[in-house]
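K.L.:
After the structure tokens below, expect a handful of questions from me.
This is the structure in structure tokens:
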């Protein structure tokens with residue numbers, strides 16, 4: 001049985017834009033190196049409300065952000081000068097390291113109509129030795145990511161290694177991250193060999209023993225468990241986890257092993273010492289004016 005089951009909470013990231021927030025959770029802040037997870041969509045908005053969904057330029061330190069789309073289209077811009085449109089099946093992997101700012105905009109009105117946007121965003125904490133690395137950004141096309149298919153099963157290895165698949169996406173610590181589609185009746189064993197493992201139900205209904213789990217739930221398992229789940233209908237799941245990195249502080253969009261480093265990042269953003277994207281610097285998300293404490297990010301936080 002799971003060590004804990006986390007039910008997604010609703011969080012607003014903009015006018016009319018609600019997401020399911022899974023991590024961090026007060027009783028389980030991380031799963032392996034994964035410290036943040038949002039599931040947005042399916043989203044349906046008319047064109048007039050589209051700009052309200054845009055995530056304005058905002059900063060990060062001490063983590064990698066990972067964007068993965070089921071459907072839709074998002075334009076990423078960052079302070080390195082990168083502009084990248086991400087489409088379904090691709091991976092945007094941005095390592096903030098010592099500091100980066102980026103935006104995510106929904107610039108195609110057709111995508112917002114009829115529920116044509118759905119995405120998962122995660123943050124992966126960096127090991128202490130890599131927290132101050134230079135920032136970087138990579139986009140990986142879906143053809144670059146390994147896929148396995150069998151009767152009733154389809155999976156894409158986003159990062160790390162599991163089930164004999166290995167992604168070429170460079171990571172800083174042992175981990176795995178997969179998008180899996182299960183047909184009704186298929187049984188799947190959760191990957192072994194990692195200290196912490198999570199299974200997020202993005203769509204459908206799963207059985208584990210005599211329990212059932214539905215969309216919006218994250219099941220967390222320890223290393224000693226050997227769970228096998230069965231799809232009670234067609235399911236979309238995300239499998240993630242890896243080796244724990246130790247305690248991390250998280251405030252707004254900042255992650256660090258040191259509280260004082262987050263205080264410094266607060267001041268850097270407030271004083272304009274973190275560059276904005278060169279072609280998206282007219283507006284930005286201001287620093288929340290609240291005292292630092294270790295907590296869930298406020299609604300504006302999104303990778």
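In full-length UniProt numbering, the protein residues as written are 1 to 303.
We put the CB at the ideal spot given by N, CA and C, even for glycine.
#1: My output table needs one value for residue 285: the three-state DSSP class, helix, strand or coil.
#2: Just to confirm the assignment, what range does the beta strand (DSSP E) spanning residue 267 have?
#3: One question on the structure: do residue 96 and residue 61 come within less than 8 Å of each other, judged by their Cβ atoms?
#4: I'd like to check one pair, residue 245 with residue 173: are the Cβ atoms closer than 8 Å?
#5: Helix or strand or just coil, what does DSSP make of residue 8?
#6: To the nearest angstrom, how far is the alpha carbon of residue 137 from that of residue 92?
#7: Rounded to whole angstroms, how far is the Cβ of residue 175 from the Cβ of residue 242, which I believe are closer than 8 Å?
#8: CB residue 277 to CB residue 58, shorter than 8 Å?
#9: Please list the terminal residues of the continuous beta strand (DSSP E) segment that includes residue 135.
#10: Which of the three DSSP states is assigned to residue 110 in this structure?
#11: Sort 255, 181 and 224 by Cα distance to residue 230 and report the nearest one.
#12: With 16 as the cutoff for other CB atoms within 10 Å, does residue 33 come out buried or exposed?
#13: Determine the contact status of residue 285 and residue 56, defining contact as a CB-CB distance below 8 Å.
#14: Considering only their Cβ atoms, is the gap separating residue 104 from residue 74 smaller than 8 Å?
#15: Here's the rule I'm using: 16 or more other beta-carbon atoms within 10 Å means buried, otherwise exposed. How should residue 214 be labelled?
#16: Report the start-end ranges of each beta strand (DSSP E) in the UniProt domain "Pirin N-terminal" (20–124) that is 3 residues or longer and not cut off at the edges.
#17: Return yes when the Cβ of residue 237 is within less than 8 Å of the Cβ of residue 201, no when it is not.
#18: Give the DSSP-derived three-state secondary structure of residue 211 in the structure shown.
#19: Mapping DSSP to helix, strand and coil, what is residue 129?
#20: Can you give me the Cβ contacts of residue 354 inside the same chain, cut-off strictly under 7 Å, excluding the 5 residues immediately before and after it?
#21: So, using beta-carbon positions, are residue 194 and residue 122 closer together than 8 Å?
#22: Going by DSSP, name the residue or residues bridged to residue 187.
#23: Can you name, in chain order, every residue of its own chain whose Cβ lies under 6 Å from the Cβ of residue 186, other than the five neighbours on each side?
#24: According to DSSP, is residue 203 part of a helix, a strand, or is it coil?
#25: What does residue 220 pair with, by DSSP beta-bridge criteria?
#26: Between which residues of its own chain and residue 83 is the CB-CB distance below 6 Å, once the five residues before and five after are set aside?
#27: Please tell me whether residue 216 and residue 8 are closer than 8 Å, where the distance is taken between their beta carbons.
#28: Tell me which residues share the same chain as residue 268 and place their Cβ nearer than 6 Å to its Cβ, disregarding the 5 neighbours each side in the sequence.
#29: Using the DSSP secondary-structure output, state which residues sit across from residue 166 in a beta bridge.
#30: Is the Cβ-Cβ distance between residue 206 and residue 239 less than 8 Å?
#31: What residue range does the beta strand (DSSP E) around residue 150 cover?
#32: How many angstroms separate the CA atom of residue 165 from the CA atom of residue 149?
P.N.:
Let's see:
#1: In the structure shown, the three-state DSSP call for residue 285 is coil.
#2: No beta strand (DSSP E) holds residue 267; the alpha helix (DSSP H) holding it covers 259–270.
#3: Contact: yes.
#4: With respect to the 8 Å criterion, residue 173 and residue 245 are classified as neighbours on the basis of their beta carbons.
#5: In this structure, residue 8 counts as coil in the three-state DSSP scheme.
#6: Going by the C-alpha atoms only, they are around 7 Å apart.
#7: About 3 Å separates the Cβ atoms of residue 175 and residue 242, confirming a contact at the 8 Å cut-off.
#8: Going by C-beta atoms, residue 277 is not nearer than 8 Å to residue 58.
#9: Careful: residue 135 lies outside any beta strand (DSSP E) and carries neither H nor E.
#10: Helix at residue 110.
#11: Ranking the options by Cα distance to residue 230, first place goes to 181.
#12: Buried: at least 16 other Cβ atoms inside 10 Å.
#13: Less than 8 Å divides the Cβ of residue 285 from the Cβ of residue 56.
#14: Yes; because the gap between Cβ atoms is below 8 Å, this pair is in contact.
#15: The residue is exposed, with fewer than 16 neighbouring Cβ atoms inside 10 Å.
#16: Unbroken beta strand (DSSP E) stretches of 3 residues or longer found wholly inside the UniProt domain "Pirin N-terminal" (20–124): 34–43, 55–60, 63–71, 74–78, 83–86, 91–95 and 100–105, given in chain order.
#17: For the 8 Å CB-CB criterion, residue 201 and residue 237 form a contact.
#18: Residue state, collapsed to three classes: strand.
#19: In the structure shown, residue 129 sits in a helix (DSSP, three-state: H, G or I).
#20: Limits of the chain in this structure are 1 at one end and 303 at the other, which puts residue 354 out of reach.
#21: Not in contact: residue 194 and residue 122 (Cβ atoms no closer than 8 Å).
#22: Paired residues: 230.
#23: The answer, listed in chain order, is 152, 153 and 231.
#24: In the structure shown, residue 203 sits in a strand (DSSP, three-state: E or B).
#25: Checking the DSSP bridge columns, you'll see residue 220 partnered with 4 and 198.
#26: Setting aside the 5 residues that flank it on each side, residue 83 is surrounded in the same chain by 77, each with a C-beta closer than 6 Å to its C-beta; the list follows chain order.
#27: Contact: yes.
#28: If we look at residue 268 and ignore the five residues flanking it on each side, its Cβ neighbours are 274.
#29: Paired residues: 161.
#30: Going by beta carbons, residue 206 and residue 239 fall outside the 8 Å limit.
#31: Here the beta strand (DSSP E) through residue 150 covers 147–150.
#32: Straight-line Cα distance between these residues: approximately 12 Å.
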